[in-house]
């Protein structure tokens, strides 16, 4: 948030909503490259996260193209979900980790419960 990559806002119903800014979305190529690197060197049991084209369900290749329709998939159409090498932190994980452990569009905001002050 301090660098302007993420915003944190009250969701109006007692929770906190985290959203990527345009600056955060612009980081996607770097994040995707680091994911590919991590999968190549640190995922002996398979991909920890799978990227899909949300419009047709096709898997994305290492370059971000849908294997079903062949298009270069824009960030708003990318869905991320646990892969075969994924290991959940369990129910005691923090709210943000729990939110990103379920299939979702990359740009879908993460909403967490408000913590008492």
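Numbering (the working numbering), first residue to last: 6 to 122. Backbone N, C-alpha and C define an ideal beta-carbon position, used for all residues, glycine too. Predicted, not measured: the structure shown is a model, and the values here were computed from it.
query = What are the boundary residues of the alpha helix (DSSP H) that includes residue 123?
reply = In the structure displayed, the chain extends from 6 to 122; residue 123 sits before or after that span and is not available.
Report task. Classify residue 82 as helix, strand or coil using the three-state DSSP reduction. Result -> Looking at residue 82 - three-state DSSP - the assignment turns out to be helix.
Please classify residue 51 as buried or exposed, where buried requires at least 16 other C-beta atoms within 10 Å of its C-beta.
exposed
Evaluate contact between the segment 72-90 and the segment 42-57, counting only Cβ atoms and requiring at least three cross-stretch pairs below 8 angstroms.
Output reads yes: the segment 42-57 touches the segment 72-90.
Take the Cβ of residue 59 as the centre, count every other Cβ of all protein chains shown within 10 Å, and call the residue buried at 16 or more, exposed below.
buried
Worksheet item: How is residue 100 classed by DSSP in three states: helix, strand or coil?
Response: helix
For this session: Compare the Cα-Cα distances from residue 12 to each of 20, 24, 19 and report the closest residue.
Result: Taking only the C-alpha atoms, the option nearest residue 12 is 24.
- Query: Start and end of the beta strand (DSSP E) containing residue 118?
  - Reply: 115-118
Identify whether residue 8 lies in helix, strand or coil by the three-state DSSP scheme. coil
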